[in-house]
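Residue numbers (our numbering), protein chains in the order written: chain A, 1 to 337; chain B, 1001 to 1355. Ideal Cβ positions, reconstructed from N, Cα and C, are used throughout, including at glycine.
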Amino acid sequence: MIRFIIRRLAGAVVVLWIVSIITFVIFQLAPLLSHTSPVYYYIGKIPFPPHSPQLRELEHRFGFDLPLPQQYWHWLHGILFGQTITNGTGDVVHCTAPCLGYSFRLNTAVTTLITQAFPVSLSLAVGAATLWLLGGISIGTASALRRGKFIDRLGMTMALGGVSLPIFFTGPILLLVFEYKLKWLPNVSYQSITSDPAQWLRSMVLPWIALAFLFAALYARLTRANMLETMGEDFIRTARAKGLSRRRVVVKHGLRAALTPIVTIFGMDIGQLIGTTVITETVFNLRGLGWLSISSIQQQDLPVIMGVTLVAATAVVVMNLIVDILYAVVDPRVSYT
Amino acid sequence: MSVDVVDVREEPRDVPERFLSVRDLRVHFPTDDGLVKAVDGLSFDVERGQTLGIVGESGSGKSVTSQAIFGLHKGSRARVSGEIWLNGQELVAAHESQMRSLRGQEMAMIFQDPLSAMHPFYTVGAQISEAYRVHNDVSRKAARQRVVEMLDRVGIPDPDKRYDDYPHQFSGGMRQRAMIAMALICSPSLLIADEPTTALDVTVQAQILELIKDVQTEFDSAVILITHDLGVVAETCDSVVVMYGGQCVERGTVDDVFYRPEMPYAWGLLGSMPRMDRQRQQRLTPIQGQPPSLIQVPRGCVFNPRCEYTHLVPERRCFTVHPELVDTAPGHGVRCHIDPEQRREIFTNEIRPKL
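Below is the structure:
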């Protein structure tokens, strides 16, 4: 078991390392393809005419004239051990590890921007996931057990609606009803869970519902399909033949088997969601990672884009790692070797 | 308005003296293609300590019958009618909760493929223990003790260790032994073994059958052995029901059915069985044709499309009149229009020499 975890952990580190190389290379291509000095993508303007000695001097100070592997090494070294960054005009900023770079436009370290945005995205993803798991699994199970009956039709129609309706539709409607008409959640702005839990909850409820609605639909269908298959298995017949109550047959024998494959999908969904809730964050005015990535792309703020990309990728890799380990725990047939 | 609490279903019915008595059992499944008559008018009795074999091709209604006895069709779309009496209690009309207390306790089932019949995510011990604890209010520890004893009884070596193994860590024979332990954990008086040896190799088959026989004597249980292996039936059963197209076409003692069979289908079954005590023939004789569709059951005798002797019956009655199951000797019932004398003659002169 320990060896299994260590091997998976090592695998995850390798994947992250490759991701960091790809991220680095892709973003080196941008200045190259647009024939713009990389200085532009770092400080947002080119203070000197192209090809002028002053610009060369600036590029030299940023280290853009170094070979790519060396630049990559500086970047990686900064992430691992921190680095000192100069903006070229004499200001020197020390950026402690993990240093993902420095946004000259916002005059803030990228790590600071991300540590502000990350909890928002995490709250959003985890809260919504809890809701959609509860909703999706119960609707899916009820549908499977009453196949073809009213509950099934209702549940699956709702699921179809949930999959079809985009968040930029359901989100504003939720806002309209609960914030403006009913005034149940008026003017809530995000507060971190540590500073004001009640306010945090109030600000998160609607985004959770909007996001969960979308995913609950997916999980309801998945649960229903798995459950229908499982309830036809021989071991369910055995469980009934033992004289177990229906409830026990469904929950302990049916759901246990039907939900196991969902663990995999769930882990990947949550990992991916952390960096990609752009629309939800935009609709509900939350400053999460999605919002940060969109605004940095609009500003062509390269250090921030790279930082967010790396963090989002890390979230996916970490969740995958957790799923792998968890799967070996929930399915005894998976061997640790 | 007063509410009548008297059970209106209650009508005077004669409670049979037999331990298990199935009478005119019908299990029909409505489907989009029509009504599937999986079991259509089946009757048989089993006493404690006795073994009844139910034989027939795939789809002849053997397993559906066993599931009907267990009430496993309750809550599905299947329509079950007729009567099933177990120890003086009627089961077809019984409520699900009533059936639940009988399942596993009074009657238990051994399934065909123990790998798929056991839950892959729970240990073998936990699954058997669960079967015990539903019906017995005992501590986890006491249940474990009892399960380990039972695993030992069915011949699983090192039972205390194997308790914590998962089904996939058992071999096929061990799994079947564990299934038997699960079935026997509450000492049931009725044991239904649904093709218990099909998935096993021959040496293990013999051990498993031996084991079932042993525990039957120990608990004085009635056993129903569902199989398409006639050799198994000849060796273990007291009486036999031959099923074809959801109906019983011949029933009697093992000697009746194996040495004095009268129904052409039973002849065919015997002819298709390899035998070691006779001289080897060129090849086995298969029964021509396909098993009948259970939706469009042939008019007259169910077996008529495959029967070679329909010309012996006047007025094409094989194709128009559904034959009754008639006793040709005490306890030996045959569903066939051919004259009994003539049947015996054909068997003695034409069939037996070729077996």
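Inset, instruction - Tell me where the alpha helix (DSSP H) around B:Ile1084 begins and ends. - result: From DSSP, B:Ile1084 is part of no alpha helix (DSSP H) but of the beta strand (DSSP E) over Arg1079 to Leu1086.
Inset, instruction - Within 10 angstroms of the Cβ of A:Phe118, are there 16 or more other Cβ atoms? Answer buried if so, exposed if not. - result: buried
Legend entry - B:Arg1251 - partner residues in DSSP beta bridges: B:Val1241 and B:Gly1333
Legend entry - Residues that B:Ala1117 contacts on chain A, provided the C-beta gap is smaller than 8 Å: Asp234, Phe235, Arg237 and Thr238
Inset, instruction - Sort B:Leu1184, B:Val1202 and B:Leu1312 by Cα distance to B:Thr1213 and report the nearest one. - result: Note that residue 1213 of chain B is Lys in the sequence shown, not Thr. Cα-wise, what sits closest to B:Lys1213 is B:Leu1184.
Inset, instruction - Along the beta strand (DSSP E) that carries B:Ile1192, what are the first and last residues, could you check? - result: Leu1190 to Asp1194
Legend entry - Stretch pair the segment 190–208 of chain A + the segment 148–160 of chain A: three plus CB contacts closer than 8 Å: no
Inset, instruction - With 8 Å as the threshold, decide whether the Cβ of A:Pro332 is near any Cβ in chain C. - result: The structure shown has no chain C; the protein chains it does contain are A and B.
Legend entry - Length of the line joining the Cα atoms of A:Leu326 and A:Pro172: 37 Å
Legend entry - alpha helix (DSSP H) runs wholly inside the segment 17–92 of chain A, at least 4 long, in chain order: 38–43, 53–62 and 68–81
Legend entry - Minimum Cβ-Cβ distance from B:Val1249 to chain A less than 8 Å: no
Legend entry - Contact with chain B by A:Thr181, beta-carbon distance below 8 Å: Here residue 181 of chain A is Lys; the residue named in the question, Thr, does not match the sequence. So no, A:Lys181 is outside the interface.
Legend entry - Cβ of B:Met1109 within 8 Å of any chain A Cβ: yes
Inset, instruction - Measuring alpha carbon to alpha carbon, tell me which of B:Leu1225, B:Met1182, B:Gln1169 and B:Thr1285 ends up nearest B:Ala1131. - result: B:Met1182
Legend entry - Top-ranked residue by Cα proximity to A:Thr230, from A:Pro261, A:Lys181 and A:Pro53: A:Pro261
Inset, instruction - Under 8 Å between beta-carbons, which chain A residues line up against B:Glu1315? List them in chain order, please. - result: Under the 8 Å cutoff, chain A gives no residues; its nearest Cβ is about 46 Å from B:Glu1315.
Legend entry - Opening and closing residue of the alpha helix (DSSP H) in which B:Lys1062 lies: Lys1062 to Ile1069
Legend entry - Inter-residue spacing [alpha-carbon to alpha-carbon] between B:Arg1077 and B:Thr1320: 31 Å
Inset, instruction - Give the residues of chain B in contact with A:Arg256, contact being defined as C-beta atoms less than 9 Å apart. - result: His1119, Phe1121 and Tyr1122
Inset, instruction - Report the rounded CA-to-CA distance for B:Glu1210 versus B:Met1107, giving the unit in angstroms. - result: 20 Å
Inset, instruction - Have a look at A:Ile139 and B:Phe1303 and give me their C-alpha separation to the nearest angstrom. - result: 48 Å
Inset, instruction - Would you mind working out which of A:Ala257, A:Asn320, A:Phe266 and A:Met227 sits nearest A:Ala216, comparing C-alpha positions? - result: A:Phe266
Legend entry - Ranges of the alpha helix (DSSP H) found wholly within the segment 205–261 of chain A, counting only runs of at least 4: 234–241
Inset, instruction - Could you tell me which uninterrupted alpha helix (DSSP H) segments, each at least 4 residues in length, are contained entirely in the segment 1171–1236 of chain B, listed from first to last along the chain? - result: 1172–1184, 1202–1219 and 1230–1236
Inset, instruction - Taking B:Ser1101 as the query, report the chain A residues whose CB atoms sit under 7 Å from its CB, ordered along the chain. - result: Gly243
Legend entry - N- and C-terminal bounds of the alpha helix (DSSP H) containing A:Ser138: Val110 to Leu145
Inset, instruction - Under 8 Å by Cβ, that's how I've got B:Glu1250 and B:Phe1347 pegged, so tell me the actual separation to the nearest angstrom. - result: Contact flag wrong, Cβ pair sits at about 12 Å.
Inset, instruction - Look at B:Lys1062 and B:Gly1056 and say whether their C-beta atoms are less than 8 Å apart. - result: yes
Inset, instruction - Could you check what DSSP says for A:Arg333 in three-state terms: helix, strand or coil? - result: coil
Legend entry - Neighbour flag for A:His253 against chain B, beta carbons, 8 Å: yes
Inset, instruction - Let me know if B:His1332 comes out buried or exposed under the rule of 16 or more other beta-carbons within 10 Å of its beta-carbon. - result: buried
Legend entry - Of the residues B:Val1223, B:Cys1307 and B:Val1254, the one placed nearest B:Gly1049, counting alpha carbons only: B:Val1223
Legend entry - DSSP-derived helix/strand/coil call for B:Ala1038: strand
Inset, instruction - Look up B:Val1006 in the DSSP assignment and say whether it is helix, strand or coil. - result: With a pLDDT of only 45 at B:Val1006, under 50, the local geometry of the prediction cannot be trusted, and the value read off the model is given with reservation. B:Val1006 falls in the coil class under three-state DSSP.
Legend entry - DSSP-derived helix/strand/coil call for B:Glu1106: coil
Inset, instruction - Give the residues of chain A in contact with B:Phe1070, contact being defined as C-beta atoms less than 7 Å apart. - result: Ala241
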